[in-house]
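Input: a single structure, listed below in structure tokens.
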Amino acid sequence: MSWRPVIEGLREAARLIATGDREVVEITLRSIQTASLATLLATLIGLPLGVAISMRDFRGKRFVKIFFNGLVGIPTVTLGLLLWTLFSRSGPLGFMGLLYTVPGIAVGEAVLIVPIIVSFVVSAIEAKDVQLRDLVKTLGASEMETSIAILREAYAGVSLAIVSGFNRAFAELGIAMMLGANIRGLTRVLTTTIALQKDMGEIGLSFALSFILLLVIMSLNFVMGLLRRED
Amino acid sequence: MAVHNGPPERLKRYVRTNTSYWEGIEIARIAGVNLRQRNIIIFAAVAIIGLAAAGWYMMRPNPKEHLIVSTTTSLYETGLLDVLKARFEAKYPAYNVSFISQGTGLAIETAKRGDADMILVHAPNSELGFLESGYGVNRKIIAYNFFIIVGPESDPAEISGLGPVETLLKIAKEGSKGNALWVSRGDNSGTHSKEKSLWEDTGLDLEELKVQKIEGSGSPWYIEAGAGMTATLQLADQKDAYTLADVGTFLKNSKTGNIQLVKVVDSGKETINIYSAIACNPEKNSGVKFDGAMVFIKFLVSDEVQELLEDFGEEEYDSTLFEPWVKTLKANSDAELIGWVEEYAYFEGSECPTKHRYKSADLYG
Chain F
1 MSWRPVIEGL REAARLIATG DREVVEITLR SIQTASLATL LATLIGLPLG
51 VAISMRDFRG KRFVKIFFNG LVGIPTVTLG LLLWTLFSRS GPLGFMGLLY
101 TVPGIAVGEA VLIVPIIVSF VVSAIEAKDV QLRDLVKTLG ASEMETSIAI
151 LREAYAGVSL AIVSGFNRAF AELGIAMMLG ANIRGLTRVL TTTIALQKDM
201 GEIGLSFALS FILLLVIMSL NFVMGLLRRE D
Chain G
1 MAVHNGPPER LKRYVRTNTS YWEGIEIARI AGVNLRQRNI IIFAAVAIIG
51 LAAAGWYMMR PNPKEHLIVS TTTSLYETGL LDVLKARFEA KYPAYNVSFI
101 SQGTGLAIET AKRGDADMIL VHAPNSELGF LESGYGVNRK IIAYNFFIIV
151 GPESDPAEIS GLGPVETLLK IAKEGSKGNA LWVSRGDNSG THSKEKSLWE
201 DTGLDLEELK VQKIEGSGSP WYIEAGAGMT ATLQLADQKD AYTLADVGTF
251 LKNSKTGNIQ LVKVVDSGKE TINIYSAIAC NPEKNSGVKF DGAMVFIKFL
301 VSDEVQELLE DFGEEEYDST LFEPWVKTLK ANSDAELIGW VEEYAYFEGS
351 ECPTKHRYKS ADLYG
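In structure tokens, the structure reads:
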């Protein structure tokens with residue numbers, strides 16, 4: 001096995017970035033948009049859910065936590081297949097017109113990362129002092145205020161949860177492929193392009209796009225890491 | 001200073017540094033946010049960018065009718081469809097056309113579900129099923145070319161010079177002895193269904209061949225890839241195996257140096273490969289854009305596209321990839337070939353029996 005494709009890929013990635021190749025820029029931006037939208041949706045659902053699960057005591061709490069932990073490992077193809085059936089024009093949610101659209105992929109990826117955000121938020125909050133919670137309550141805080149204070153304390157863990165969600169949405173292939181079908185100029189994102197180019201035998205370009213994908217993920221995590229350390 | 005009783009130092013510090021904290025929380029609560037200012041700004045920025053992007057995506061003006069064509073990987077990977085898209089959209093500015101490339105089996109399934117407006121495939125048997133189910137109407141044969149059998153240059157099964165059916169018989173014989181490997185697409189694509197019908201012609205039982213082991217070893221000689229054409233060719237190349245391929249994808253991969261396989265069996269009656277377009281029946285799925293699909297089908301059979309098909313690939317691969325069927329039929333110069341197409345891809349003596357036509361107007365001349 002020669003290293004030629006990897007080296008070619010690096011060179012091609014550098015060229016594509018340097019020249020600002022229109023299609024590559026468009027695909028990269030679409031990937032970022034899709035994953036951002038998915039992360040936003042998932043955070044709106046997952047954050048309150050995670051707080052509620054960790055702050056309240058209820059029957060079956062352990063089971064609920066195990067359930068969400070398990071869902072973290074759901075295969076994207078399975079989820080993609082299920083959502084494809086639902087979103088199809090003849091499917092139960094077909095009227096929403098989500099199939100083969102960017103919002104459609106984003107909704108699918110949001111479903112994928114909600115369990116990640118819930119699980120991470122729960123463990124971030126539970127890692128904080130139980131006494132802290134009691135103290136804040138003793139100071140006369142309402143439940144809402146207690147949640148806010150705890151979230152504020154668990155900021156590092158919560159932001160990690162959200163960033164992990166984004167990473168997963170940004171780098172997954174199964175859902176983007178099944179719900180988006182890799183339509184040029186419409187639903188083509190980085191991961192589906194990488195898969196397509198590999199299938200078309202363009203190994204160098206596949207590597208180039210992979211490097212761009214890694215670059216985006218690394219930059220984001222770098223920035224978030226710096227922000228976290230200042231705390 | 002040591003604290004022996006009471007809350008830990010950390011908690012005391014927490015309370016000490018947060019005396020005005022509840023006021024801050026109150027303001028934040030009214031504003032509807034709950035994190036420290038700097039973080040609030042960051043999250044707000046991300047949220048606004050995300051929402052704006054989503055909003056732009058959903059709201060951007062798109063007065064064009066969006067046509068979705070469900071098609072096969074072998075057509076897509078040659079680059080022909082990108083050329084057709086550009087030409088079509090330039091000629092008919094009212095339309096936007098997108099291609100979803102899948103194996104023929106899935107392409108038809110997608111169309112049946114109402115998620116495409118027409119199909120462009122190459123598997124006459126599946127096409128007949130699609131028409132008979134009522135989901136497909138107005139079939140038109142667009143183009144043809146030939147499948148080829150490719151294999152390693154050393155030709156371990158000594159196939160060179162044989163016809164397609166004899167080739168498969170020989171591969172099966174040599175395969176079980178460990179002298180040859182065969183890779184099947186195994187993905188219900190048009191190429192796969194062609195392969196199955198060729199095996200049928202040999203009289204051998206394919207299900208039996210699939211589980212046959214190489215003598216003195218536990219591994220099969222019949223390998224199912226479950227992948228697209230290029231991926232299958234790459235697999236065959238890595239394993240020095242034989243496989244069935246469409247000319248276009250084979251030439252493209254040879255040209256780029258992706259594979260070292262060579263053509264061992266050339267065109268013939270049994271290996272003809274016929275591409276057809278079928279519109280989706282709007283009476284089965286109401287969301288289907290039937291009129292747009294008809295415009296596209298008429299475009300495909302127009303002189304302009306037929307000429308384009310004839311020349312496509314000449315520049316890039318030094319060989320044409322497709323033969324225009326409508327043009328061939330009009331010229332009526334190759335009786336043998338027309339006979340092959342009629343035998344292999346006509347139903348009840350027609351490319352589309354009248355009962356499977358729907359508002360076809362002048363499509364069938």
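Just so you know, the protein sequences line up as chains F and G, in that order. Numbering-wise, our numbering puts 156 at position 156 of the first sequence, and it's gapless, one number per residue. Numbering-wise, our numbering puts 282 at position 282 of the second sequence, and it's gapless, one number per residue. The C-beta atom is built at its ideal place from N, Cα and C for all residues, glycine as well. No experiment lies behind these values; they were computed from the predicted model shown.
(message) 7 Å is my cut-off, CB to CB: does R89(F) come that close to chain G?
(response) yes
(message) For R87(G), report the span of its alpha helix (DSSP H) as first-last.
(response) Unbroken alpha helix (DSSP H) run through R87(G): 80–91.
(request) Could you run through the region 72–83 of chain G and flag, in chain order, every residue whose CB is less than 7 Å away from some CB of chain F? (result) E77
(message) I'd like to know whether the C-beta of I119(G) is nearer than 7 Å to at least one C-beta of chain F.
(response) no
(request) Check Q102(G) in the structure and name its three-state DSSP category. (result) Looking at Q102(G) - three-state DSSP - the assignment turns out to be strand.
(message) Quick check: the Cα distance between A86(G) and G174(F), rounded to an integer number of angstroms?
(response) 29 Å
(message) So that I know if they touch, is there some Cβ in chain F lying closer than 7 Å to that of D115(G)?
(response) yes
(request) Identify, in the order they occur along the chain, each residue of the same chain with its Cβ nearer than 7 Å to the Cβ of D201(G), setting aside the five sequence neighbours on each side. (result) V165, E270
(request) Return the residue from the list S184(G), S286(G), Y144(G), L206(G) that minimises the CA-CA distance to Y369(G). (result) There is simply no residue 369(G) to check, as chain G begins at 1 and stops at 365 in what is shown.
(message) Is there a Cβ of chain F sitting closer than 7 Å to that of S98(G), yes or no?
(response) yes
(message) If we define contact as Cβ-Cβ less than 7 Å, is I116(F) a contact residue for chain G?
(response) no
(request) Assign E172(F) to one of two classes, buried (16 or more other C-beta atoms within 10 Å of its C-beta) or exposed (fewer than that). (result) buried
(message) Can you tell me whether G32(G) is helix, strand or coil according to DSSP?
(response) Here G32(G) scores only 47 on pLDDT, less than 50, and its place in the model should not be relied on; the value that follows carries that caveat. Coil, per DSSP.
(request) Kindly indicate the opening and closing residues of the alpha helix (DSSP H) around Y242(G). (result) Counting along the chain, no alpha helix (DSSP H) covers Y242(G); the unbroken beta strand (DSSP E) around it starts and ends at 242–246.
(request) Give the straight-line distance between the Cα atoms of A47(G) and P103(F), rounded to the nearest whole angstrom. (result) 15 Å
(message) If you follow the alpha helix (DSSP H) that S193(G) is in, where does it begin and where does it stop?
(response) Element bounds for S193(G): 190–202.
(request) Taking C-beta pairs closer than 7 Å, name the residues in chain G that M200(F) reaches, listed in chain order. (result) E77, T230
(request) For I183(F), go through chain G and note every residue whose CB falls closer than 9 Å to its CB, in chain order. (result) I68, S98, F99, I100
(message) Taking the straight line between their C-alpha atoms, what separation do you get for N221(F) and I149(G)?
(response) 49 Å
(message) Check whether chain G comes within 7 Å of L40(F), counting only Cβ atoms and requiring the distance to be less than that.
(response) Chain G, which has a Cβ nearer than 7 Å to the Cβ of L40(F), makes this yes.
(request) Tell me the start and end of each unbroken alpha helix (DSSP H) in the region 169–229 of chain F that is at least 4 residues and wholly inside, in chain order. (result) 174–180, 190–199, 203–229
(message) With the cut-off set at 7 Å, would you say V158(F) and M224(F) are in Cβ contact?
(response) no
(message) With three or more beta-carbon pairs closer than 8 Å as the criterion, would you say the region 88–106 of chain G touches the region 285–304 of chain G?
(response) yes
(request) Output, in chain order, the set of chain C residues within a Cβ distance shorter than 9 Å of A345(G). (result) Absent from the structure is chain C; the protein chains it does hold are F and G.
(request) Please decide whether Q197(F) counts as near chain G, where near means a Cβ-Cβ distance under 7 Å. (result) Not an interface residue.
(request) Can you check DSSP and say which residues form a bridge with E270(G)? (result) Under DSSP, no beta-bridge partner is assigned to E270(G).
(request) Locate the beta strand (DSSP E) running through G70(F), then write down its first and last residues. (result) From DSSP, G70(F) is part of no beta strand (DSSP E) but of the alpha helix (DSSP H) over 61–71.
(message) Can you confirm whether N258(G), when its beta carbon is compared against all beta carbons of chain F, has any partner nearer than 7 Å?
(response) yes
(request) Classify M118(G) as buried or exposed, calling it buried when 16 or more other Cβ atoms lie within 10 Å of its own Cβ. (result) Looking at its Cβ environment, which holds 16 or more other Cβ atoms inside 10 Å, M118(G) is buried.
(message) If contacts are defined as beta-carbon pairs under 8 Å, then F166(F) and A35(F) qualify, I think. What distance do you get, rounded to the angstrom?
(response) 5 Å
(request) Taking the CB atoms as reference points, tell me whether V72(F) and I17(F) lie closer together than 7 Å. (result) no
(message) From the DSSP secondary-structure annotation, give me the bridge partner or partners of F147(G).
(response) D246(G)
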